[in-house]
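K.L.:
Protein chains in written order, with the working numbering: chain F, 21 to 326; chain G, 4 to 185; chain Y, 1175 to 1604. Heads up, the beta-carbon is just placed ideally off N, CA and C, and yes, glycines get one too. Once you've had a glance at the structure underneath, I'll fire off some questions.
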Amino acid sequence: MNLRIKHLLGLENVSREDINTILDTAFSFREVLDRPIKKVPTLKGVTVANLFFENSTRTRISFELAEKRLSADTVNFSASGSSLAKGESLRDTIQNLFAMKMDVVVMRHPTPGSVKLLSRFVDAVVINAGDGTHEHPTQALLDIMSMKEKLGSIEGLNVAIIGDIRHSRVALSNIYGLKTMGANVLLCGPPTFMPYDVESLGVKVTYDLDEALAFADVINVLRIQRERQGKGLIPSMREYRNVYGVTQQRLSKLKRPITIMHPGPINRGVEIDTDMADSEHSIILHQVLNGVAVRMSILYLLAGGR
Amino acid sequence: MNFKTRSQLMDETALRRTITRLAHEIIERCKGIDDVAIIGIRTRGEFLAKRIAKKIEEVEGKPIPVGVLDTVMYRDDYRMKKQLPATEITEIPFDVDDKILVLVDDVIYTGRTIRAAMDALMDFGRPSAIQLAVLIDRGHRELPIKADYIGKSVPTARNEEVKVHMKEFDGRDEILLVEVTE
Amino acid sequence: MEKKAIKTAILFKGAQIVDPFNDRIIEADLLVENGKIKKIKKAIPESESKEVVNLKGFHITPGFIDLHVHFREPGYENSETIETGCRAALAGGFTQVCCMPNTKPAIDNRETVRFIFEKSEDELVNVYPIAAISKDRKGEELTEMAELADAGAVAFSDDGSPVVNGQMMRNALEYSKITGRPVINHAEDPSLKADGLMNEGRVSTQLGIPGNPPIAEEIMIARDLIIAEFVNGRIHIPHVSTAGSVELIRRAKAKGIAVTAEATPHHFSLTDEYMRSFDANGKVAPPLRTEKDRQAIIEGLKDGTIDAIVTDHAPHVIDTKETSLDLASFGMIGLETAFSLAMTHLVHTGKLTLMELIKLLTIKPAKVMNLHLPPLKVGEVANLTIINTREWWVFGRQNIYSKSFNSPFIGNEFNGRVKGLYAKGHYITF
């Protein structure tokens, strides 16, 4: 039952066996969330620090809720990246916090690798809540859990990830997790949103949304960051919507339903239309609920074994 | 860990008879089965609960609600173990308020599982009473907990274990007293 | 490190003497008297010197030259000083180094050039300043290159700040015709580099780290070579890191353009695979590239496209390295490890002969910046490095003499080791 991993830094090197354990455990915690009293004493006496060096409402609330549902004690530290003055050592900041003896640290940081750096400096379980453009493993796990819940099995599933792949930690973690679980992954978006030689990750690429929709059992639609527009990676949000927006019109061309996912927050009317995001085939709200369950599962499996 | 069998506590027939008796005792003590539900504690308590419920249905002519409870999330001792126990899904598909809940487990030993189970049940609502049925009471209680329905009381040593085998899980019905040898 | 002043004579017995001037290795004894080579021959009697050192199995080479170090003084003395930098240089077998002008103030005026010479006067290592191309390295106004050259600047560079403006680069290369000193441009197109933190390639894709593409370097080198050819200027390409760059330089040399080039040990020892550790010690400019690039650099060192091995020794205090990758400084220290990395990755692997390596550390860099390298001849100044080419050893913190410890090689096992030096009347051992 013990996971092979000691920290959750990313899904790149997490085995199928570990992912299955995390998902199975998550489904058992998911049941707790349906009870009148949605709380179990499992992590009583465990202290969890939530270190958020970047704004995040959804992920932070989901983690906090998961911790509280497990009866862990929580402390929160939030600082935007800019308030960490240049030259100030991340290590110092963290070691100060750690003089206070935390068992678990959940960390969000704008720079790839910062969470791994943290795991080298502290004697605690470290969970990556998103580090820059690197990984966001709990998001991918909740995505995979939601696909499994809806469609039964991941093996052989055709999943299309649509949007800004290059700047997306959600995409990278999903690719790693889905490949490990045996899914076929197709990426779709403009070439300026594709990282160098992305096929080397074992995925296929198309620049044509209709082709991606024709392929997919599930589409995971990524949020388009408005700042990308200014950098010239896409000429305009309007054009993006016309070429890559998931609309009723696009989906109605297909003869079969596709499961629709989105990691949120949604730019309604840009990457996806409101009626599609709210349709019967959308599992976006399940993703949110499963997010709490998956995070409870990770916390139990990593902190419980300490 | 290795085990050496000391004695057979029950064979298939004895187990069947014990389950029949426990079912009758529950009906008798609760004066019928209105507002009574059975909750099995995973793993083998689940199968035991289902067998008792079936027997009760045979006798009373109507079904009795059965739930399954996983106590891992409520345990206070899982962190002392080398292997982290797997959590399983708890299924209590009925309202527990104002019901007599009969908890069912295979063996009662320290009482800690039952303590965890009672804590869990309280989070589902406010039962009018919780009772406890076990197949084997092997003594050595660490908490003030006592079973209401007992299949068999067996004095044991600390280095012994009661091994319950049930068809649904182990492929056969048999209860053994074994000695743990390193 | 032990430094012993030799008042009269010292006799080195039984060493293999590597003479890159004449392309030969001979076993002989070498007698130094009053700082000069008195005799090189077999079986010099021990009675001729009070100090006798048995060097059987070791090699003696001319003191190494490093064309590219950062000694941080003036301005950033918390990470290195000329004194500590010289200590690190000795530990690496170097007796002559050229230091980059990214100091504070920058080496863009005669006073600072003089400061470098004065500050290093008593050191056993000769330190030569490379002066800035533009005032305060801002790429806006040329420095007084002719006068700086007269004051002793051996080359011109804005170091880490690329000369983006083509006209500025042209003017600097025009001036190189007066000074005769090479112009060195950090070859990186800032718009293509963007927010890159490592080489853009498969590994950056796998790690989700913003990439700095090889084309950012190659485009700048291509431009500079075209300008150098047009104005007939003298250009030196620093820390070549990509296969494409090696090819551009190879073709330029074939065309007769006055170009020389250098490569660092980390670019021929490590690849972007190192970044899987997310360790900021692997964050360098230009970034660690791919295996294909690494092999191309080795090929360039072998066929003469690349003229010198340089360390780009870049000390940084730990705080600026043990931080997130975006905030971490670029660069690693390199003086202490250069020779051993070269031995391990170039000679031990059979890519280069020992003689080829020693040339890349001595006569070839001397030629690039026109430095005087005393030949191994009777009557010449003795400036010697003693090496053991067979030793295997593990590099540790205790082997670092720099003020900073930002090396990704701590704990690595190396072949070949610098055992001692003779410089300016001192015998140094470790």
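Suppose the cutoff is 7 Å on Cβ atoms and the five residues either side in sequence are ignored; what does the same chain contact list for Y/Gly-1418 look like?
P.N.:
Counting only Cβ-Cβ distances below 7 Å, and skipping sequence neighbours, we find Pro-1388 and Glu-1392.
K.L.:
Once the 5 residues before and after G/Asp-101 are set aside, which same chain residues still bring their CB inside 6 Å of it?
P.N.:
Excluding positions up to five away in sequence, the list reads Ser-131.
K.L.:
Tell me the DSSP secondary structure of G/Tyr-77 in three-state form.
P.N.:
Three-state DSSP puts G/Tyr-77 in a helix.
K.L.:
Could you give the distance in angstroms between the alpha-carbon of F/Thr-131 and the alpha-carbon of F/Val-142?
P.N.:
So the two alpha carbons sit approximately 18 Å from each other.
K.L.:
Using a beta-carbon distance below 7 Å, is F/Ile-57 in contact with chain G?
P.N.:
Taking Cβ atoms only, chain G reaches closer than 7 Å to F/Ile-57, which makes this a yes.
K.L.:
Hey, does Y/Phe-1452 have any beta-carbon neighbour from chain F nearer than 7 Å?
P.N.:
Yes, because at least one Cβ of chain F sits closer than 7 Å to the Cβ of Y/Phe-1452.
K.L.:
Going by DSSP, what residue range makes up the beta strand (DSSP E) through Y/Pro-1236?
P.N.:
Taken as a continuous stretch (DSSP letters only), the beta strand (DSSP E) holding Y/Pro-1236 covers 1233–1236.
K.L.:
So what does G/Asp-140 bridge to, in DSSP terms?
P.N.:
Note: G/Asp-140 sits in a beta bridge opposite G/Ile-111 and G/Ser-156.
K.L.:
Who are the Cβ neighbours of Y/Ala-1172 in its own chain at under 6 Å, not counting the five residues just before and after it?
P.N.:
The question about residue 1172 of chain Y has no answer, for chain Y in this structure spans 1175 to 1604.
K.L.:
Report yes or no: is there a C-beta of chain Y within less than 7 Å of the C-beta of F/Gly-183?
P.N.:
No, no contact with chain Y.
K.L.:
On the three-state DSSP scale, how would you describe Y/Gln-1270?
P.N.:
Strand.
K.L.:
Report the rounded CA-to-CA distance for G/Glu-60 versus G/Leu-138, giving the unit in angstroms.
P.N.:
Roughly 19 Å separates the two Cα atoms.
K.L.:
Can you tell me the Cβ-Cβ gap for F/Asp-293 and F/Val-266, rounded? I've got them flagged as a contact below 8 Å.
P.N.:
Indeed they touch by this definition, with Cβ atoms about 7 Å apart.
K.L.:
Threshold first: 3 residues or longer. Then list the beta strand (DSSP E) segments lying entirely within the segment 232–306 of chain F, N to C.
P.N.:
Correct list: 238–241 and 279–281.
K.L.:
Does any residue of chain F bring its CB to less than 7 Å from the CB of Y/Leu-1499?
P.N.:
It does; some Cβ of chain F falls within 7 Å.
K.L.:
Taking the alpha carbon of Y/Ala-1502 as the point to measure from, which residue in Y/Lys-1533, Y/Glu-1207 and Y/Pro-1489 has its own alpha carbon closest?
P.N.:
Comparing Cα positions, the closest option is Y/Pro-1489.
K.L.:
Helix, strand or coil for F/Lys-106? Go by DSSP, reduced to three states.
P.N.:
Low per-residue confidence applies at F/Lys-106: pLDDT is 49, beneath 50, and the placement is therefore not dependable enough to give any value.
K.L.:
Count the other CB atoms, across all protein chains shown, that sit within 10 Å of the CB of Y/Asp-1500; report buried if there are 16 or more and exposed otherwise.
P.N.:
That one is buried.
K.L.:
Would you mind telling me which residues of chain G sit closer than 8 Å to F/Met-21, beta carbon to beta carbon, in chain order?
P.N.:
Near F/Met-21 (Cβ distances below 8 Å), the residues of chain G are Gln-86, Leu-87, Pro-88 and Ala-89.
K.L.:
With 16 other CB atoms within 10 Å as the buried threshold, where does F/His-282 fall?
P.N.:
Burial call: buried.
K.L.:
Looking at the strands, I want to know which residues DSSP matches up with Y/Ile-1211.
P.N.:
DSSP lists Y/Val-1206 as partners of Y/Ile-1211.
K.L.:
Determine whether the Cβ of F/Tyr-216 lies closer than 7 Å to any Cβ atom of chain Y.
P.N.:
Taking Cβ atoms only, chain Y reaches closer than 7 Å to F/Tyr-216, which makes this a yes.
K.L.:
Could you say if the segment 1353–1362 of chain Y and the segment 1404–1411 of chain Y meet the contact criterion of at least three C-beta pairs nearer than 8 Å?
P.N.:
Contact between the segment 1353–1362 of chain Y and the segment 1404–1411 of chain Y is present, because at least three Cβ pairs lie under 8 Å.
K.L.:
Relative to the C-alpha of Y/Ser-1415, which residue among Y/Arg-1261, Y/Asp-1453, Y/Gln-1380 and Y/Ile-1483 is closest?
P.N.:
When each option's Cα is compared against that of Y/Ser-1415, the closest is Y/Ile-1483.
K.L.:
Thinking C-alpha only, which one of G/Ile-42, G/Gly-64 and G/Gly-142 is nearest G/Lys-155?
P.N.:
Nearest C-alpha to G/Lys-155: G/Gly-142.
K.L.:
If we count the other Cβ atoms within 10 Å of its Cβ and call it buried at 16 or more, is F/Asp-151 buried or exposed?
P.N.:
When all chains shown are included, F/Asp-151 counts as buried.
K.L.:
Who are the neighbours of F/Glu-51 on chain G, taking C-beta pairs under 8 Å?
P.N.:
Ile-92, Thr-93 and Glu-94, listed in chain order.
K.L.:
Might you give, ordered along the chain, the residues of its own chain that have their beta carbon closer than 6 Å to the beta carbon of F/Thr-212, omitting 5 neighbours on each side?
P.N.:
The answer, listed in chain order, is Leu-253.
K.L.:
Using the C-alpha atoms, what's the distance from F/Thr-158 back to F/Arg-315?
P.N.:
Rounded to the nearest angstrom, the two C-alpha atoms are 7 Å apart.
K.L.:
Based on Cα-Cα distance, which residue from Y/Pro-1460, Y/Leu-1545, Y/Arg-1376 and Y/Lys-1427 lies nearest to Y/Pro-1364?
P.N.:
Here the closest residue by C-alpha is Y/Pro-1460.
K.L.:
Expressed to the nearest angstrom, what Euclidean distance is found between the alpha-carbon atoms of F/Lys-136 and F/Cys-208?
P.N.:
Cα to Cα, the separation comes out at about 29 Å.
K.L.:
Measuring only between beta-carbons, confirm whether F/Arg-111 sits less than 7 Å from chain Y.
P.N.:
Yes, its Cβ sits closer than 7 Å to a Cβ of chain Y.
K.L.:
Using only the alpha-carbon positions, how far apart do F/Val-290 and F/Leu-309 sit?
P.N.:
Whole-angstrom Cα-Cα distance: 24 Å.
K.L.:
Measuring only between beta-carbons, confirm whether F/Gly-222 sits less than 7 Å from chain Y.
P.N.:
It does not: the Cβ of F/Gly-222 has no partner Cβ on chain Y nearer than 7 Å.
K.L.:
Rounded to whole angstroms, what is the Cα-Cα separation between F/His-187 and Y/Gln-1469?
P.N.:
For F/His-187 and Y/Gln-1469, the distance between alpha carbons rounds to 31 Å.
K.L.:
Using 7 Å as the threshold, is the C-beta distance between Y/Gly-1313 and F/Thr-153 below it?
P.N.:
Taking 7 Å as the Cβ cut-off, Y/Gly-1313 and F/Thr-153 do not qualify as a contacting pair.
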